[in-house]
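Residue numbers (UniProt numbering), protein chains in the order written: chain Y, 1 to 279; chain P, 1 to 278.
The beta carbon of each residue, even a glycine, is placed where N, CA and C say it ideally should be.
The structure presented is a predicted model; accordingly, all values stated were derived computationally and were not measured.
Everything below concerns the one structure shown next.
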């Protein structure tokens, strides 16, 4: 019996066997969408957990660097412990942009993206399902580094942990959206690697993640405003201090970056990689 | 079920489809054949809503492809599997994306595992499977939600005999249940076994469409008579049996063997798709 003729098949569409079709009530369509995103997120989390090398290195490397660089920062600037902890948190989260990029490019290598596009999942659902596990990974990474910073490096314990968590979530959203957008314009893993490695170093160091902005030349301090890393660092440092008002402008900038990049990525991914040079 | 009318698709100066028209009824298997570049895969991509045509229309049960997502099962030409995921995980993913859940999903997965002879490898990662096992997994992924339209683009390419038999069996079963099937292949005997209606594509359009008998009956067969003297007489004829009898009456020398060959799908394919190719 075909899907069309299965009376017991889940149906919220009014069309037998086609759950959540265009004719379905809005709430049923939303529920179906949540189920599809859940299935995709679980699937992508499985893939991620079966290849955890990159995740582990992006957690261990900044921990080692924080420990090694702490004395230097403490002597160089006031609040050196905060600078080294938040700076390296931001820097290694930027590297994590490569994770989402590679995850999307792999779908192209495996010819699986077009297979997914034929399913009932829409392009935004596919993108959210792809990015959600990486979002969780990034939040865990940043939280672990923050806790490590407090326990080992001497980062002051944030007075408002929920503000820090929100800041981490916002920064992860912006980064993943930019990573996804990048993956839709590059042609290979090699190209992505060049862009994310060079870009991550440039953006994070220009943003003051590596060297405190106060000791950088004037032109660099001015150019820093163009780097998302700069806004992330300001956001993170304000959040750690519990300074909600100080965090708001940078939060707004990162939210805008994330929304723009996310919309761009969803639009590009909806067109896929089928023949015809669509991407 | 599927009606494609006058499809045109160009990639730069390359004309992939040029007035491609094809209909497939519920329960019908259409074997789409043609040389490489004839437009078969482009047609499949357009019906799957992966590519938009420059002009022409596609209707799936009265809906455009974009509104028929989830009612189509596609097995693409390339292997498209996640190497680190198991066979079961693939079937569950595509089943869930189609809206199957709980016992319905488990029953669909288990049934396909049996039909496509995947039971022993359900919990193995697809990256570790043989080519034939990967083909069967891919076919299962396309079938798990029992779609009313199946687009199978060379589903048995490079596959072993077991895979071929399993896939042909399940395609026949699904067509018997009412699914419309588009089946592209270069292995023409498969279409005879599927009792498929045959559509021959060339240069982006369908140049012949009909049942096996309709298409093959007009073609000549061949009679070969080999004499003891190693000499061979070969006659191309529309009535091989009558011609053989005539030959046997006329030949007065010892005969070592006779061979009567009726026209086949290969002859049709060669005459339409290859010989007339520019």
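- The DSSP assignment places complete alpha helix (DSSP H) segments of no fewer than 4 residues inside the region 100–168 of chain Y at 112–117 and 123–148, in order along the chain.
- Taking 7 Å as the Cβ-Cβ cut-off, the region 116–128 of chain Y approaches chain P at 117, 118, 119, 120 and 121, given in chain order.
- Put simply, the region 102–112 of chain Y touches the region 181–189 of chain Y. At least three CB pairs are less than 8 Å apart.
- Within the region 47–71 of chain Y, contact with chain P at the beta-carbon level (separation under 7 Å) is assigned to 47, 50 and 51.
- When 36/Y, 77/Y, 90/Y and 111/Y are compared, the shortest CA-CA separation from residue 169/Y is found for 90/Y.
- CA-CA distance, residue 218/Y to residue 207/Y, rounds to 13 Å.
- Under the three-state reduction of DSSP, residue 154/P is assigned to coil, being neither helix nor strand.
- Scanning chain Y for C-beta atoms nearer than 9 Å to the C-beta of residue 69/P yields 117, 118, 119, 120, 121 and 122, reported in chain order.
- Its chain contains 4, 7, 9, 17, 52, 53, 58 and 65 as the residues whose beta carbon lies nearer than 8 Å to that of residue 46/P, once the 5 sequence neighbours on both sides are disregarded; these appear in chain order.
- Between residue 48/P and residue 51/Y, the C-beta gap is not smaller than 9 Å, which leaves the two residues out of contact.
- For residue 110/Y, a Cβ of chain P is located within less than 9 Å of the residue's own Cβ.
- In the DSSP annotation of this structure, the continuous segment of the alpha helix (DSSP H) that includes residue 94/Y starts and ends at 80–95.
- The DSSP-derived three-state label of residue 186/Y is coil.
- Contact check for residue 84/Y against residue 74/Y passes: the beta carbons are separated by less than 9 Å.
- DSSP, read as helix, strand or coil, puts residue 113/P in helix.
- Here the alpha carbon of residue 233/Y sits roughly 60 Å from the alpha carbon of residue 162/P.
- Neighbours of residue 32/Y across chain P, judged by C-beta separation under 7 Å: 99.
- CA-to-CA, the gap between residue 118/Y and residue 58/Y works out to about 34 Å.
- Partner residues in the beta bridge of residue 236/P, as assigned by DSSP, are 222/P.
- In this structure, the alpha-carbon of residue 213/Y lies about 15 Å from that of residue 201/Y.
- Any Cβ of chain P closer than 9 Å to the Cβ of residue 267/Y would place that residue at the interface, and such an atom is absent.
- Put simply, the CB of residue 40/Y is near chain P, with a gap under 9 Å to one of its CB atoms.
- Residues of chain Y whose Cβ lies closer than 7 Å to the Cβ of residue 155/P do not exist; the shortest such Cβ separation is about 13 Å.
- Its chain contains 212 and 265 as the residues whose beta carbon lies nearer than 7 Å to that of residue 192/P, once the 5 sequence neighbours on both sides are disregarded; these appear in chain order.
- For the region 20–51 of chain P, residues whose beta-carbon sits nearer than 9 Å to a beta-carbon of chain Y comprise 26, 41, 42, 45, 48, 49, 50 and 51.
- Using a Cβ-Cβ cut-off of 9 Å, residue 36/Y counts as an interface residue toward chain P, since at least one Cβ of chain P sits closer than that to its own.
- Listed along chain Y, the residues sitting closer than 8 Å to residue 72/P by beta-carbon distance are 118.
- Annotation: residue 192/P is outside any beta strand (DSSP E); the continuous alpha helix (DSSP H) that includes it extends over 188–194.
- Residue 95/Y and residue 184/Y do not touch by the CB rule: their CB atoms are close to 19 Å apart, not below 8 Å.
- The beta carbon of residue 94/P sits closer than 9 Å to some beta carbon of chain Y.
- For residue 145/P, no beta strand (DSSP E) encloses it, and the DSSP letter there is neither H nor E.
- With fewer than 16 other CB atoms across the displayed protein chains lying within 10 angstroms of its CB, residue 217/P is exposed.
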